[in-house]
Amino acid sequence: MSESQEPNAAALGEGAGEPLRTTPLRDRHAALGARLVPFAGWEMPVQYAGIMAEHRAVRGAAGLFDLGHMGQVEVSGPDALAYLQAVTTNDVAALAPGKAQYSLLPNERGGVIDDVIVYRRPDGDGYMVVVNASNRDKDVAWLLRHRGLRPDLDVAVEDRSDRTGMIAIQGPKAAAIVGRLTEAKLAAIGDFAWAGGSVAGVPAMIARTGYTGEDGFEFYTARDRVGDLWDALLEAGDDDGLMPVGLGARDTLRLEARMPLYGNELADDIGPLEAGLGWAVKLDKGPFVGRDAIAAMKETGPPRRTVGFRCVERGGSPRSHFPVLAGGREIGRVTSGAMSPTLGHNIGLALIEQDAAGVGKPLAIDIRGRPVAAVQVKTPFYKRARPETASGR
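For the sequence shown, position 270 matches number 270 in full-length UniProt numbering, and the numbering has no gaps at all.
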């Protein structure tokens, strides 16, 4: 991968035809020399120093991400739990105060509208659902529509996206950098947990979550204070090798960690069982949208399966929608692929016929008309070392 190479087109999404929205950090990105591109209706940085350098900074030190394009929906009221149980696949009842869980918004056919993080407030009073930028407007409309379909529930659903600023710091030095700026007990914020605190004098919710496979934090604060927090973190991490990171490296980082991207590994017609996310579906929790369709697929077995692969010969990087071949015929399509900066070879995920799936089985990726040999491998492709005393993800 060259320093100027962009992530695959599906990761960049749509949005060049209409006026683009910007986050409060837009001018800071420009001042840092970022290359700004359209992404899901937003103008966002795809890279600063370069995708390879930014990727390696996150794996070896730390990276800072602007997530101000993502959406936040508050769900509150006496029936907030019942509502969320009906519109998500995971078991929200299992969430203790101050904890978070990965979940999915399913459609009636068992496909996926979006993947989300559901946070329960530390005081136990309500929830926050964080949705992806590319689906933000669709998700909010869907959640509000389902609220309207349940007049029996005493629940409020409020889109707070335009009032919330969101940034993330990820990497092995993230905790040390944040620790210089806060009196919050970061070691007490465990895996998929969050707590209130002040970071560099900015009130924020501090969540130990991320999209890179590294330890780190995501911060939720008032939109007009997110710039102060960004500046303070960049300054505090300067001697540690902290770098601002764009969408390009974010995509290669999440791919190495085998984290799905909506529109690639998940879609309206790609369900959780096909995507390898059955662990985020709790069929025994009670009725929810799409439950019957997912249960039926579990009974018969999904016809397709998402697998990891690595290319074993040169021939270019695999990209989303490239055909996957076995025995001379097409058995599926690549969902995501790239040259792995950490591993030094081309890797990818593919949705293929169930019967063809299996670690060690050979494949070929049709890269611009040429079959390139590949082999199915275990995922994630990269997994960080976790000391026994580590409290991060």
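Just so you know, even glycine gets a beta-carbon here, dropped at the ideal spot from N, CA and C. Keep in mind it's a predicted model, so treat the numbers as computed, not measured.
Practice item. Pair every Cβ in the region 83-98 with every Cβ in the region 158-168, then say whether three or more of these pairs are closer than 8 Å. Key: Verdict: no, contact absent.
Candidates Glu74, Pro45, Leu81 and Gly77, of which the one nearest Phe65 by Cα: Here residue 65 refers to the residue found at position 65 when the sequence shown is read from its first residue. The shortest C-alpha separation from Phe65 is found at Pro45.
Handout entry: N-terminal and C-terminal residue of the beta strand (DSSP E) that Met128 is part of
Key = Within the sequence shown, residue 128 is the residue found at index 128, counting from 1. For Met128, the uninterrupted beta strand (DSSP E) run begins and ends at Tyr127 to Val131, by DSSP.
Sheet register partners of Thr300 (DSSP bridge):
Taking the sequence shown and counting its residues from 1, the one referred to as residue 300 is at position 300. Note: Thr300 sits in no beta bridge, so no partner.
Closer than 8 Å by C-beta to Gly15: which residues in its own chain qualify, once you throw out the five before and the five after it? Chain order, please. Locating residue 15 in the sequence shown gives position 15, counting from the first residue. Confidence in Gly15 is poor, its pLDDT being 49 and thus under 50, which makes the residue's placement too unreliable to answer from.
**Prompt:** Is it a yes or a no for the region 45-55 touching the region 245-265, going by three-plus beta-carbon pairs under 8 Å?
**Reply:** Because the criterion of three Cβ pairs below 8 Å is met, the region 45-55 and the region 245-265 touch.
C-beta contact flag for Glu274 and Phe381 at 8 Å | Reading the sequence shown from its first residue, position 274 is the one you call residue 274. Reading the sequence shown from its first residue, position 381 is the one you call residue 381. No; because the gap between Cβ atoms is not below 8 Å, this pair is not in contact.
I need the boundaries of the beta strand (DSSP E) containing Val116, first residue and last residue. By one-based count along the sequence shown, residue 116 stands at place 116. Start and end: Val112 to Arg120.
For Asn264, which residues from the same chain have a beta carbon less than 7 Å from its beta carbon, with the 5 sequence-adjacent residues on both sides left out? Translated into positions along the sequence shown, residue 264 becomes position 264. Excluding positions up to five away in sequence, the list reads Ala10, Ser320, Thr335 and Ser336.
Residue of Gln354, Lys361, Gly278 and Val375 minimising C-alpha distance to Cys311 = Position 311 of the sequence shown, counted from the start, is the residue given in the question as residue 311. That would be Val375, whose Cα lies nearest to the Cα of Cys311.
Excluding the 5 residues flanking Tyr83 on each side, which residues of the same chain have their C-beta closer than 6 Å to its C-beta? Counting from one through the sequence shown, the residue named residue 83 turns up at place 83. So the qualifying residues of the chain are Leu153 and Val155.
Next item on the list: Under 8 Å Cβ to Cβ from residue 424, same chain only, skipping five residues before and after it: list those, please.
Entry: Nothing in the structure corresponds to residue 424, since the chain is present only between 1 and 393.
Worksheet item: Among residues of its own chain, excluding the 5 on either side of Lys99, which ones have a beta-carbon nearer than 7 Å to its beta-carbon?
Response: If you number the sequence shown from 1, residue 99 lands on position 99. A distance below 7 Å between beta-carbons, with the five flanking residues on each side excluded, links Lys99 to the following residues of its chain, in chain order: Arg120, Phe192 and Ala193.
- Per DSSP, Leu325 is paired with what? One-based indexing of the sequence shown puts residue 325 at position 325. Glu330 and Ala364.
Grab me the residues of Ala236's own chain with a C-beta within less than 6 Å of its C-beta, minus the 5 sequence neighbours each way, in chain order.
Position 236 of the sequence shown holds residue 236. Exclusion of the five residues before and after Ala236 leaves Ile177, Arg180 and Leu181 as the residues of its chain whose Cβ lies within less than 6 Å of its Cβ.
Based on the DSSP output, what are the partners of Lys99 in its beta bridges? As a first step, residue 99 must be located in the sequence shown, where it is residue number 99. Per DSSP, Ala193.
Opposing strand residues paired with Gln72 [DSSP bridges]: Numbered from its first residue, the sequence shown carries residue 72 at position 72. For Gln72, the pairing in a beta bridge is given by DSSP as Val130.
Note to self: So, at 7 Å on beta carbons, what are the nonlocal neighbours of Val359 in its own chain, with the 5 sequence-adjacent residues on each side left out?
What the structure shows: Along the sequence shown, one-based indexing puts residue 359 at 359. Here the set comprises Gln376, Val377 and Lys378.
Problem set entry | Span of the beta strand (DSSP E), counted from its first residue to its last, around Gln354 | Translated into positions along the sequence shown, residue 354 becomes position 354. Here Gln354 belongs to no beta strand (DSSP E), and DSSP marks it neither H nor E.
How big is the Cα-Cα spacing for Arg368 and Gly286? Here the question's residue 368 lines up with position 368 in the sequence shown. Here the question's residue 286 lines up with position 286 in the sequence shown. When rounded, the distance between both Cα atoms is 47 Å.
Going by the CB atoms, is the gap between Gly332 and Glu353 shorter than 8 Å?
On the sequence shown, position 353 is the one that residue 353 refers to. On the sequence shown, position 332 is the one that residue 332 refers to. Against a cut-off of 8 Å, the Cβ pair of Gly332 and Glu353 comes out as a contact.
Smallest Cα separation from Arg384: which of Gly213, Asp238 and Gly124?
By one-based count along the sequence shown, residue 384 stands at place 384. Checking every option, the nearest Cα to that of Arg384 belongs to Gly213.
**Study point:** Sub-8 Å separation of Ala57 and Gly197 beta-carbons
**Key:** To locate residue 57, count along the sequence shown from 1; it is residue 57. To locate residue 197, count along the sequence shown from 1; it is residue 197. Cβ atoms of Ala57 and Gly197: not closer than 8 Å.
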